[in-house]
């Protein structure tokens, strides 16, 4: 989230952030990947012939290496990583719950965002959700800025930002009925170093609001890389 927000903050000064994250199981480690795979297998097996479709057999390569490493573990060790079933489900809990009813991951997002943007009092509300995706996190982000920032201005800033790739081609006219356009997807973000940003639009509920959708490979785009790029963006803004 912070890599695309840094240039917007520099240009218009973000005063409030609301974010909902959709985090892949790889963020919880190899055992969580294995859990999703095994639960998916079990659920699909109940459907009979559908599970023999060639696509499902080819998808096995994603986690085949895990079976040799984890299959010898006791059943409870293999399937106790995530608190609920993840296959064909979403879990509105990433990490443990705290006394304020937020999770540790949600408060971590708040604290790290304030620290990196150098805004210790910045109002931020986060909801983190685990989704049945192997690799790449996605986020729906609402921001409110001090100064006006149009969708076109935001797109231009993001197109010039290092580590960001804008994917925001929506159909118009009659094409809206037949085509879906282009926007960030975790399946496309997986394997890329860039963070994909799209679905840029105005938030009409506040005077200076923007909404965006972000997808990024959480295994390639680590916290350290993010911090360096964000720092570079903010330093450039102060020159």
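Numbering (the numbering used here), first residue to last: 2 to 240. C-beta atoms are modelled at their ideal positions from N, C-alpha and C, and glycine is treated no differently.
What residues are listed by DSSP as bridge partners for residue i?
i, result
"residue 98", "104"
"residue 166", "197"
"residue 24", "131"
"residue 216", "139, 197"
"residue 146", "15"
Which class does residue i belong to by DSSP, given the choice of helix, strand or coil?
i, result
"residue 114", "helix"
"residue 31", "helix"
"residue 180", "coil"
"residue 242", "Residue 242 lies beyond the stretch modelled for the chain, which goes from 2 to 240, so this question has no answer here."
"residue 211", "strand"
"residue 17", "strand"
"residue 141", "strand"
Taking the continuous alpha helix (DSSP H) assigned at residue i, which residues delimit it?
i, result
"residue 13", "3 to 13"
"residue 158", "152 to 161"
"residue 198", "Counting along the chain, residue 198 falls outside any alpha helix (DSSP H), though it belongs to the beta strand (DSSP E) covering 196 to 203."
"residue 187", "187 to 190"
Hey, out of the options, whose CA is closest to residue i's CA?
i, options, result
"residue 93", "17, 25, 13", "25"
"residue 166", "107, 214, 16", "214"
"residue 13", "3, 124, 201, 149", "149"
"residue 85", "203, 33, 218", "33"
"residue 136", "218, 143, 155, 115", "218"
"residue 109", "31, 200, 211, 22", "22"
"residue 194", "211, 222, 20", "222"
"residue 125", "142, 208, 131, 138", "142"
"residue 111", "19, 220, 205, 8", "19"
"residue 151", "186, 212, 16", "212"
"residue 129", "5, 103, 144, 117", "103"
"residue 243", "2, 121, 155", "Coverage of the chain is limited to positions 2 through 240, which leaves residue 243 absent and any answer about it impossible."
Please classify residue i as buried or exposed, where buried requires at least 16 neighbouring CB atoms within 10 angstroms.
i, result
"residue 147", "exposed"
"residue 170", "exposed"
"residue 97", "exposed"
"residue 119", "exposed"
"residue 188", "exposed"
"residue 153", "exposed"
"residue 28", "buried"
"residue 164", "buried"
"residue 107", "buried"
"residue 140", "buried"
"residue 131", "buried"
"residue 99", "exposed"
"residue 95", "buried"
"residue 42", "exposed"
Considering residue i, what are the terminal residues of the beta strand (DSSP E) in which it resides?
i, result
"residue 130", "125 to 131"
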